[in-house]
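Protein chains: 2
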Amino acid sequence: MGITKTQIFNVEQNKLAVIFKVLSNPARIAILQYISQQDSCICNDIVDEIGLAQPTISQHLKELKSIDLIKGEIEGKKVCYCINLPKWTEIQTLLNTFFNTTKSNCC
Amino acid sequence: MGITKTQIFNVEQNKLAVIFKVLSNPARIAILQYISQQDSCICNDIVDEIGLAQPTISQHLKELKSIDLIKGEIEGKKVCYCINLPKWTEIQTLLNTFFNTTKSNCC
DNA sequence: TTTATATATTGCAATATTACGATAATAAAT
DNA sequence: ATTTATTATCGTAATATTGCAATATATAAA
């Protein structure tokens with residue numbers, strides 16, 4: 001099939017899965033790490049740094065934006081991408097809650 | 001293509017991506033949560049609980065085992081699956097390190 | 001030894017993901 | 001207005017993932 005049966009799982013389970021999926025690609029991990037190191041990040045810089053084609057980077061940025069992990073501010077003809085810190089922290093907390101509650105019930 | 005260019009990323013980036021990928025499916029999240037709630041977990045119980053076919057559950061368990069998130073002890077003709085607590089904690093720490101170091105450099 | 005039960009593996013169809021070339025869209029500079 | 005630079009979108013090919021039926025394997029019970 002290839003299709004996940006999201007309807008048989010609850011909202012929390014699906015939400016966690018979506019977050020993990022966005023983070024499940026080394027290019028996106030590398031993009032996040034690179035963005036966090038720069039004062040102002042421009043997509044084309046990311047293309048040079050990562051070593052993937054510009055459309056590919058653009059697509060990965062879109063996926064990171066889909067869960068608000070990053071935000072992009074338009075500066076003239078460039079776009080400055082930044083980590084969305086409140087969301088970043090929120091997601092970190094969400095994942096920690098998942099890890100803590102799951103292990104606390106463990107046999 | 002469909003193939004991730006792992007060779008252009010470093011070991012840490014690929015390792016994080018693999019962990020996130022294993023966790024990026026609601027069925028596997030649900031399995032982990034269910035396993036953690038039971039004293040002794042058997043695959044067939046999981047099949048009843050989750051609502052996916054037995055081969056599908058077996059495949060998901062295999063993926064969870066691939067990064068040692070769970071361990072399965074054979075008890076007669078049944079298998080008792082448990083969260084692998086040391087690995088669980090190790091991965092939680094790894095993810096927190098990623099979240100903390102990434103956000104600390106943020107603009 | 002046969003039968004029943006529990007789990008794993010194989011093979012396959014449907015869908016998703018990754019990556020990129022071509023092209024479009026947008027805005028600054030000339 | 002045209003050119004240049006930057007990013008986004010579209011279309012497509014290659015590969016990966018999800019899920020299940022059929023089957024295999026393994027162990028306990030009869």
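Respectively, the protein sequence lines represent chains A and B. According to the UniProt record's numbering, the first sequence holds residues 1 to 107 in order. According to the UniProt record's numbering, the second sequence holds residues 1 to 107 in order. Beta carbons: idealized from backbone N, C-alpha and C, even for Gly. If you're wondering where the values come from, they're calculated on a predicted model, not measured in any experiment.
I want to verify the contact list: residues of chain B whose CB lies under 7 Å from the CB of residue i, in sequence order.
i, result
"residue 95(A)", "95"
"residue 29(A)", "13, 16, 17"
"residue 21(A)", "24"
"residue 33(A)", "102"
So which residues on chain A does residue i lean against when the C-beta distance must stay under 7 Å?
i, result
"residue 51(B)", "8"
Report the partner residues of residue i according to the DSSP bridge assignment.
i, result
"residue 82(B)", "71(B)"
"residue 41(B)", "81(B)"
Confirm the yes/no value for this check: CB of residue i, any heavy atom of the ligand SAH, distance under 7 Å.
i, result
"residue 6(A)", "The ligand SAH is not part of the structure shown, which contains no ligands of any sort."
Look at residue i and residue j and say whether their C-beta atoms are less than 8 Å apart.
i, j, result
"residue 91(B)", "residue 36(B)", "no"
"residue 81(B)", "residue 70(B)", "yes"
"residue 27(A)", "residue 64(A)", "no"
"residue 29(B)", "residue 13(A)", "yes"
"residue 58(B)", "residue 43(B)", "yes"
"residue 103(B)", "residue 23(A)", "no"
Decide if residue i is buried, meaning its Cβ has at least 16 other Cβ atoms within 10 Å, or exposed.
i, result
"residue 33(A)", "buried"
"residue 50(B)", "buried"
Could you work out which residue in the options is closest to residue i when comparing CA atoms only?
i, options, result
"residue 79(A)", "62(A), 93(A), 50(A)", "62(A)"
"residue 95(B)", "85(A), 60(A), 20(A), 8(A)", "20(A)"
"residue 89(B)", "47(A), 52(A), 100(A)", "100(A)"
"residue 25(A)", "43(B), 38(B), 6(B)", "6(B)"
"residue 3(B)", "11(A), 56(A), 38(A), 93(A)", "56(A)"
"residue 97(B)", "16(B), 10(B), 11(B)", "16(B)"
"residue 39(A)", "18(A), 54(A), 73(A), 10(A)", "73(A)"
Report the neighbours of residue i on chain B: residues whose CB is nearer than 8 Å to its CB, in chain order.
i, result
"residue 62(A)", "Under the 8 Å cutoff, chain B gives no residues; its nearest Cβ is about 17 Å from residue 62(A)."
"residue 65(A)", "What residue 65(A) touches in chain B: nothing, since even the nearest Cβ is about 16 Å away."
Interface residues of chain A around residue i at Cβ under 8 Å?
i, result
"residue 59(B)", "Under the 8 Å cutoff, chain A gives no residues; its nearest Cβ is about 12 Å from residue 59(B)."
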